[in-house]
Amino acid sequence: MNHGEIELNNLSIRLKDKIIFKNLNHIFNRTTLNFIVGENGSGKSTLIKALNRIIKVDNGSIFVDGKDINDISVEWLREKVSINFQQNQFISNLIKDHLKFNTDFDSKNYSKAMSKIRKYINSSIGDVSLITELSGGKRQLISLYSSLCLNPDVLILDESFSNIDKQTTNFILKTLRELKSEITIIIITHDTSLINEDDNVLNLSKKIEV
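Numbering-wise, full-length UniProt numbering puts 114 at position 114 of the sequence shown, and it's gapless, one number per residue.
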């Protein structure tokens with residue numbers, strides 16, 4: 001088992017008598033980028049809520065680092081797994097408050113990638129000082145940086161590319177691919193053009209995985 005591995009084992013979830021998915025089996029790890037794709041209503045958000053223990057599963061299990069999430073504390077789980085949502089709540093409206101985190105991490109590759117993201121942010125926002133003055137794409141970039149500063153074992157990006165221009169999207173994807181051996185990265189998206197042939201993909205439109 002790889003560090004930061006997430007395993008879905010015969011996972012079934014039903015909401016209001018509607019089967020969201022049944023007997024879902026999949027493994028996400030840090031050997032490649034991981035994607036969860038599917039049409040609207042296929043269960044992408046439901047799966048993330050289940051992983052974060054916001055909703056309960058009907059059958060099956062979710063394992064993080066070999067531990068059933070029902071057997072560990074919510075605090076431990078959320079320290080391990082950071083979720084970057086499409087709509088983010090910022091603790092401060094000042095951009096500088098989100099860029100003051102230490103980038104001196106144990107891994108040189110991680111520190112290098114974080115420095116690249118910070119430089120990209122600084123070069124793209126100019127003299128703007130308030131988050132409310134930024135476009136949705138720039139806000140997402142700062143939110144991503146803040147999430148990575150937490151140095152989680154798993155980073156989940158929930159439709160984080162929806163409002164980002166192509167240039168910034170390409171920069172982020174390239175940087176995330178450089179980080180894929182350092183951290184398990186799961187990207188939830190409806191845009192399959194982001195996916196490479198060697199990426200690990202879970203397609204929830206199938207509803208049932210075997």
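No residue lacks a Cβ here, since even glycine has one placed at the ideal position from N, Cα and C. Note that the coordinates shown come from a computational prediction; the quantities given were computed from them, not determined experimentally.
Residue of the options minimising C-alpha distance to residue i
i      : options                          : result
Asn29  : Ser45, Leu11 and Ile6            : Ile6
Asn170 : Ile195, Asn10, Ser146 and Ser181 : Ile195
Arg53  : Arg78, Ser12, Asp191 and Leu134  : Arg78
Ile91  : Gly137, Leu202, Val81 and Ile142 : Ile142
Ile27  : Asp71, Phe63, Ser135 and Gln140  : Phe63
Asp71  : Leu157, Gly38 and Leu51          : Leu51
Asn163 : Leu204, Ile55, Ser82 and Asp191  : Asp191
Phe161 : Trp76, Lys80, Gly137 and Glu182  : Gly137
Ile48  : Val81, Trp76 and Glu75           : Val81
Cut-off 7 Å between Cβ atoms - residues of its own chain near residue i, not counting five sequence neighbours on either side
i      : result
Leu173 : Leu194
Tyr120 : Phe171
Lys44  : Ile36, Gly38, Ile188 and Leu204
Contacts around residue i, its chain only, beta-carbon distance under 8 Å, and the 5 residues preceding and following it disregarded
i      : result
Ser12  : Ile19, Phe21, Lys22, Asn23, Leu24, Val57, Asp58, Asn59 and Gly60
Asp198 : Thr32
Ser205 : Val37, Gly38, Glu39 and Ser42
Lys96  : Ser129
Where residue i falls: helix, strand or coil (DSSP)
i     : result
Lys44 : helix
Leu33 : coil
Lys18 : strand
Rounded C-alpha distance that separates residue i from residue j
i      : j      : result
Lys180 : Thr46  : 24 Å
Ile125 : Cys149 : 19 Å
Thr31  : Thr175 : 15 Å
Asn9   : Gly66  : 11 Å
Thr132 : Gly4   : 34 Å
Ser115 : Arg14  : 43 Å
Asp153 : Asn109 : 15 Å
Leu99  : Asp17  : 45 Å
Phe113 : Asn151 : Strictly speaking, residue 113 in this sequence is Ala, with Phe absent from that position. So the two alpha carbons sit approximately 12 Å from each other.
Lys166 : Ser73  : 39 Å
Thr184 : Asp127 : 34 Å
Leu130 : Leu94  : 5 Å
Trp76  : Ser135 : 33 Å
Glu159 : Gln140 : 10 Å
Thr168 : Asn122 : 13 Å
Own chain partners of residue i with C-beta closer than 6 Å, once the 5 adjacent residues on each side are dropped
i           : result
Asp68       : Ser61
Leu157      : Asn84 and Ile187
His202      : The question names His, yet the displayed sequence has Leu at residue 202. Only His26 and Ile36 meet the Cβ criterion.
Ser146      : His98
residue 228 : The chain is shown from 1 up to 210; residue 228 falls before or after that span and cannot be answered.
Ser107      : Glu182
Asn34       : Phe28, Ile186 and Asn200
Ile55       : Lys49
Next on the checklist: Quick check for students: name the residue ranges of the alpha helix (DSSP H) that lie wholly in the stretch 55-120, counting only runs of 4 or more.
Outcome noted: 74-80
Checklist entry - For the stretch 115-193, which segments carrying the beta strand (DSSP E) assignment without a break, of at least 3 residues, lie completely within its bounds, in sequence order? => result 154-158 and 184-189
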